[in-house]
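Position in the sequence shown (from 1) plus 240 gives the number in our numbering.
No residue lacks a Cβ here, since even glycine has one placed at the ideal position from N, Cα and C.
These numbers come from a predicted model, not from an experiment.
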Amino acid sequence: MPLSEHEQRLFDQIERSLAEDPKFASAVRATDPRFHAKRRMIAAGILLLAGMALLVYGVAISIPLLGVGGFLVMLGALAFGVQAYRRGQSTDLHAVGGTATRRTRQRRGGLVDRLEDRWRRRPEGDL
């Protein structure tokens, strides 16, 4: 449902006033989901290398349990890295300062969606 002209003007005004506040802008940039996804991918890469080192070390000194542990660390790091990559590439994540976008994908009636629909349809005098 698109915003009315009045709502769009109010939204633009709020966006401009928030963009002028440097303290708020830096706080929001610090919570950018893409930043956290990149940091998680780096951590996953480090864990992947540590798991590989454990695997090689376990094979080199003939301790199979250490090698299996290294393999499991590698597997977990790979899963963690793929999950972080997918979250970072999500179309729903946009950095502050860019253009405002909304989800274009229709979700099937979850609890939150139903509550949002009920909120939008409420009588305007009930605040």
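At the level of alpha carbons, what is the spacing between residue i and residue j?
i    : j    : result
I282 : G291 : 14 Å
P262 : E247 : 25 Å
G350 : L287 : 36 Å
I254 : S266 : 17 Å
E245 : D252 : 11 Å
L318 : R361 : 45 Å
S302 : V308 : 11 Å
P304 : F264 : 53 Å
L250 : D353 : 24 Å
P242 : R256 : 20 Å
G298 : Y325 : 29 Å
A300 : L306 : 10 Å
Can you tell me which of the options puts its alpha carbon nearest to the alpha carbon of residue i?
i    : options                : result
L289 : V313, V308, V299, Q323 : V313
G321 : G285, S257, P273       : G285
R274 : P363, R249, R256, S330 : S330
Q323 : P242, R279, P363, R256 : R279
If we count the other Cβ atoms within 10 Å of its Cβ and call it buried at 16 or more, is residue i buried or exposed?
i    : result
L315 : exposed
G310 : buried
L355 : exposed
L295 : buried
A259 : exposed
A293 : exposed
E364 : exposed
Please report the Cβ distance between residue i and residue j, rounded to the nearest whole angstrom; I am assuming they are in contact, meaning their Cβ atoms lie under 8 Å.
i    : j    : result
R327 : A277 : 5 Å
Using a Cβ-based criterion (distance less than 7 Å to any ligand heavy atom), does residue i qualify as near the ligand GTP?
i    : result
S266 : Annotation note on the ligand GTP: not contained in the displayed structure, which lists no ligands.
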